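Enquirer:
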Amino acid sequence: MSSVAVLTPESFAEHRSGLGDQETRGGVPEDEAYIPTYLEAFPPLPEKGTPGDKSGEPIGAWSKIRPIKSSVITQVFHVPLEERRYKDNSQFGEGEEAKVCLDIMQKTGAHIELSLAKDQGLSIMVTGKLDSVMKARKEIVARLQTQASATVTIPKEHHRFVIGKNGEKLQELELKTATKINIPRPDDPSNQIKITGTKEGIEKSRHEILLISAEQDKRAVERINLEKVFHPFIAGAYNKVVQEIMQETGARINIPPPSINKDEIFITGEKEPVAQAGTRIRKIYEEKKRKTTTISVEVKKSQHKYIIGPKGNTLQEILDVTGVSVEMPSLESSSETIILRGEPDKLGPALTQVYAKAKSVMVAEVTAPAWLHRFIIGKKGQNIGRITQQLPKVHIEFTDGDDKITLEGPTEEVEIAQTQIQDIINDLLTRMDYTEITVEQKYHRHLIGKNGANINRIKEQYKVSVRIPPDNEKSHLIRIEGEPQGVQLAKKELLEMAVRMENERTKDLIIEQRLHRSIIGQKGEKIKEVRDKFPEVIINFPDPVQKSDIVQLRGPKNEVEKCGKFLQKVIADLIENSYSVSIPIFKQFHKNIIGKGGANIKKIREETNTKIDLPTENSNSEVILITGKKVNCEAARDRILAIQRELANIKEVDVLIPAKLHNSLIGAKGRLVRSLMEECGGVHIHFPSEGSGSDKVTIRGPVEEVEKARKQLLHLAEEKQINNCTVELHAKPEYHKFLIGRGGGNIRRVRDRTGARIIFPAADDRDQELITIVGKEEAIKQAHKELEILIKNLDNVIEDLMIVDPRYHRHFVARRGQVLREIAEEYGGVTVSFPRTGVQSDRVVLKGAKDCVEAAKRRIQEIIGDLEAQVTLECVIPQRFHRAVMGLKGSKVQQITRDYDVQIKFPERDESQGLDLHPQENGDMNSELRESEHTPRKCDVIIISGRKEKCEAAREALLAHVPITVDVEVPFDLHRYIIGQKGSGIRKMMEEYEVNIAVPPPEQQSDVIKITGLAVNLERARAGILERVRELQAEQEDRALRGFKLIMSVDPKYHPKIIGRKGAVISQIRKDHDVNIQFPDKGDENQDMISITGYERNTESAKDAIMKIVADLEEMVSEDINLDHRVHARIIGGRGKAIRKIMEEFKVDIRFPPPGSDDPNRVTVTGLPEHVDNAIDHLLNLEEEYMMAIVESETMAAYMKPPSRVEEEPRSSTRGFVVRDAPWNAPGNKAPDVSSAEEFPMFGTVVAPRQASAWGPKKF
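My numbering puts the first residue of the sequence shown at 1023, with every later residue one more than the last.
(1) Return yes when the Cβ of C1874 is within less than 8 Å of the Cβ of V1852, no when it is not.
(2) Across which residues does DSSP place A1172 in a beta bridge pair?
(3) How close, in whole Å, do the beta carbons of G1549 and I1542 come, if the pair is a contact with beta carbons under 8 Å?
(4) Looking at the strands, I want to know which residues DSSP matches up with N2120.
(5) Rounded to whole angstroms, how far is the Cβ of R1627 from the Cβ of I1634, which I believe are closer than 8 Å?
(6) What's the C-alpha gap between F1611 and E1656?
(7) Identify whether K1550 lies in helix, strand or coil by the three-state DSSP scheme.
(8) Are the beta-carbon atoms belonging to L1362 and A1378 less than 8 Å from one another?
(9) Under the three-state reduction of DSSP, which class applies to Q2184: helix, strand or coil?
(10) I'd like the list of long-range same chain contacts for T1290, defined as Cβ closer than 6 Å, with 5 residues on each side in sequence excluded.
(11) Quick check: K1579 and R1527, are their CB atoms within less than 8 Å of each other?
(12) Let's see if you can read the secondary structure: which residues bound the alpha helix (DSSP H) around F986?
(13) Would a C-beta distance cut-off of 8 Å place D1422 and T1389 closer than the cut-off?
(14) Could you round the C-beta distance between Q1338 and A1259 to whole angstroms and report it? I think they count as a contact, below 8 Å.
(15) Entirely within the segment 1635-1721 and at least 3 residues each: give me those beta strand (DSSP E) ranges in chain order.
(16) DSSP three-state call for Y1601: helix, strand or coil?
(17) What residue does the beta strand (DSSP E) around L1996 start on, and which one ends it?
(18) Using only CA atoms, which one of G2105, R2092, N2196 and I2131 lies nearest to S2113?
(19) Y1456 lies in the beta strand (DSSP E); which residues open and close that run?
(20) Figure out for me which residue from K1310, R2157, V1841 and T1271 has the closest Cα to the Cα of P1295.
(21) F1834: buried (16+ other C-beta within 10 angstroms of its C-beta) or exposed?
(22) Over what stretch of residues does the beta strand (DSSP E) that includes K1151 continue unbroken?
(23) Secondary structure at N2108, three-state DSSP: helix, strand or coil?
(24) Quick test of the definition: if touching needs 3 or more C-beta pairs under 8 Å, does the segment 1848-1865 touch the segment 1898-1914?
(25) Starting from L1531 and walking both ways along the beta strand (DSSP E), at which residues does that stretch end?
(26) Of all the options S1145, H1133, S1137 and E1700, which has the alpha carbon lying nearest to the alpha carbon of K1151?
(27) May I have the straight-line CA-CA distance separating E1876 from V1819, to the nearest angstrom?
(28) For N2144, I'd like the list of residues in its chain whose CB is within less than 6 Å of its CB, leaving aside the five on either flank, ordered along the chain.
(29) What whole-angstrom Cβ distance do V2051 and V1992 have, given they're in contact under 8 Å?
(30) For G1049 and I1057, what's the separation of their Cα atoms in angstroms?
(31) In whole angstroms, give me the CA-to-CA distance for P1432 and A1439.
(32) At which residues does the beta strand (DSSP E) containing V1963 begin and terminate?
(33) Using the C-alpha atoms, what's the distance from L1451 back to D1445?
(34) Just tell me which of P1332, I1277 and G1364 has its CA closest to the CA of E1309.
(35) By alpha-carbon positions, which one of I2047, V2017 and L2036 ends up nearest to V2313?
(36) In chain order, what residues of the same chain have a beta carbon less than 6 Å from the beta carbon of H1684, not counting five sequence neighbours either side?
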């Protein structure tokens, strides 16, 4: 291992100048041109010799350089296989051993490496600091190695030496040997010490303990009983005598102090020195006992302490000077008798000194109220400090709760101090006051506030001192001290707070836990509003884990009551708003309820304040769910139903059916009621919720179908009451539509004949073949029989022909055979084959069940009849309206096509015409249509095909979708607000009212806005625009009021403080007063002008707020202090955290100089005078503390640099390192040539040996 030497500044200086004790030789001047000798520059290493040999100078020079011990050490030790605690690890490094080592590393900070030897023993290497390595080793041995135990017996009186002072010796021994040593307690008579650990550790520990015991066997202890009164003579003045004896004999002597009333003197050490010390002590005792006598004197008890002196020094002084011991009664004793013991001729001088000491100090008292004491002392003892500095021998004592101040010291100085203190008291009594108030102790912590916030605010605001007794005093008395006005104001505020707290109460609200989150709101927004509304009330919600319903309110009685009522109202609203109602609406009307761009549903949601959820477009559900208050839900339901009624002839009736029959009428999985709704044209039948007890069943749908459903429902209920049976049968799903028949005709005939109800499976039923028959026993038997015959006939497949005119073939096979697919679905999967294209034939083949084929033939004949009766009508609508008539993605035209069973064809667009046509104005649409009829253009003609009566109805429906235009007067200056940002306003209105709104371009300066759309929508849109105009006009008036501008002048140097850090202060003023505040830009002429814009009253209040800040700033002072620039970074701290904390603590602003400043040490502190003084004191203390560390680190850095870096002197010429009297300069020698391969050969090169030189033989 390599060693490292440390070159201290002393040895460095000695090295530079030769050796410390040698003079400069040869008459060479001691300057930088001095050339050292070879021996001075390179002192030889010391030869091996006897320790302490100091014959050679070089030895002394090298001996001053001390090696540095590494702070990190490494220890390796081995655990044999038989002593390993964990032997069954499947893979080394992954078992308990690795976990234990990881835990030990975390606990001790040492680094541990494990390795497995060939003999399966464990090698452990521990690296780290000595203390960490020893602790880690002890832990490893205890946890990875099996433990043995042994006992060692030593005398009981030696146990304490094994333990050592404060157990340090025992701990060191345990760490060193990695064992656990158990020593019996002092009250245990056993003298056996138990050692637990490894065999090796036990042996080491046992050896060490026996060594300690053997060492103690050599020592002796002697106890000498001598009268206590002679102990001072044995000890001597200032313990000189006893120390002299200990130094001469080497024994240790323990004399009990004066406060302990024991006569025994202990002497310990080697036997011979102990005997010598004992002889000396007895000799002193016998001599003093023979020669000394005593006298007693009476001295006032209050003067005893002056005779004793600080730490008994005066008694020692008298003993030293006169050789007389002064025996003082204990301070607890009331005795005033002092005994002087000594030789008769020395008692007189000693007595004189006792009286002189007793009368050397005067005691005086000054009366001052106890509450004034802290003001007399001053902040940080400033006032009293000035007196004690001026009069250092005067001791001033203040006693808590006592109205007296005690002064002690020389008479003249005490009198001066007394006068000065009395002057301070008189001054304070004229301008200070105090008062005491009684407040129950339970309210004290609320008066103090969190982290003392309340009491600190009162102290600062009123410049008073408030003393609130600690809890352990159990006192109700609060004391306020300070200037009279501040004391009265603080008293008033504290009493008001106490009254508020006396009125405080706690109230528990029972609120279901499911509602807690709704009351709190997202990110606590809602509960924050409640807390802002009731700032004096503390609202505590239980932890969600507790699943508790209790919410606690605490605060003033009235406020708690108000807050409780408010929360009860919120809860009631939440419960009320959670009401929900479901309404079935025909699927085809959902888009009308939603409206264009969601306008209708959005309006209903906003106006009724409800949540409305519609099923997705792909869903088969027709139910719309409304959630909110019950009244609002019912209002939203009525509005949605009204839309449905407008679009179709919808009727709603209520039927009374006993509640007990509802489940049977609904049927399994709702099959029975669903079949009834489908049979009656898709009406909606709504049963009341289970358990409601209501008999009312609601039927809603087209008038005729509702009546039919009502009759069937009542008939079915009657049957259920009389008798009810159920039978099931199976049929292929493709037969179901044929069994039902077109419009339910087939199944209706079966029901009419038998009186039974037949239920087919729904699309989502698992068993699609299951058909259920419900009714009386006889009826269901007959219906079952008829259905079985029909199903059997459907299983008999036949093939049939029919004649169809070829001119109609295209209608059946068009659109990928859509008509044929519909026939196949409706009539039991019958196959209809028309001749291929190009084949001139009128024969059509039908294949399927006999009944299905016959029904399909009849349907084809009906279609042919319709085609023969088909007519074509023309509907003339100007081309520019075609897009509006078609609707989004042709939705309107498709709906008309379905409703009237017609074909509608729009003409191709003619791009060259119609571009310059003007929109229809003021609703005059028919005139243009009439003109178009006289001179119809091809691009305006829409062709409608179908039966005549249906074509005419479709034509009327198309004309109803032609938009018209009306004008609305809107002041030109409001147009941009109507349009909104990026057109958002006008776009919203067009979507809401389903119209087009055209605003004239700005250059026209027109007040007319044109609205184009359907007649039914125009009036709503017009009313909406006019309402918006009224809102904008009201906003204009408000904007004019908000435009009031106030200019105020403020010195620019205060602007940064008014703005605040990151604009915090000015932003708060803007927010509080709802105004806009502008500061002058850089370069503006009037740098002191601040403009405030807003309502007049708000600008005035904002101005007052700014002036208040300015007034506070004007009271502030700025002081510059010099702080060494090297400590600036430490005071500022990381990211300015430390300096911000200081500024907040002392309420000041601290500015450091920028980089490159002329005076880098100047720091400016700004604030109130008192705060500035405190902050400067704190900064100067920090500077002193940091400078010590900086100077120390710089000094160490200088020592660590090579001399070339320490000396920053410019170099003139680089001569290299030159020495005198070098070996190569001796006669017959020369310096080695570094460029010679012989002098400095390469590795592997063979060089012929040359003659020996002063350097000795060469070795390769």
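By construction, the Cβ of each residue, glycine as well, lies at the ideal position given by its N, Cα and C atoms.
From a predicted model like this one, the values you see are computed outputs, not experimental measurements.
Expert: The short version:
(1) yes
(2) I1217
(3) Per the sequence presented here, residue 1549 reads as Ile, with Gly not at that position. Rounded, the Cβ-Cβ distance is 5 Å, consistent with contact.
(4) DSSP output for N2120 lists no bridge partner at all.
(5) 6 Å
(6) 19 Å
(7) helix
(8) no
(9) Looking at the sequence provided, one finds Arg at residue 2184 rather than Gln. Residue state, collapsed to three classes: strand.
(10) V1243 and R1274
(11) yes
(12) This structure leaves residue 986 out entirely; the chain is present only between 1023 and 2282.
(13) no
(14) 5 Å
(15) 1645-1650, 1672-1678 and 1706-1708
(16) strand
(17) Premise fails: L1996 is in no beta strand (DSSP E) and is neither H nor E.
(18) R2092
(19) D1455 to T1460
(20) T1271
(21) buried
(22) L1144 to K1151
(23) coil
(24) no
(25) E1526 to I1532
(26) H1133
(27) 12 Å
(28) N2183
(29) 6 Å
(30) Low confidence applies here, because G1049 scores a pLDDT of 42, under 50, leaving its location unreliable and the question unanswered by this model.
(31) 11 Å
(32) V1963 to G1968
(33) 10 Å
(34) G1364
(35) Given that the chain is displayed from residue 1023 to residue 2282, the structure contains no residue 2313 and the question cannot be resolved.
(36) F1709
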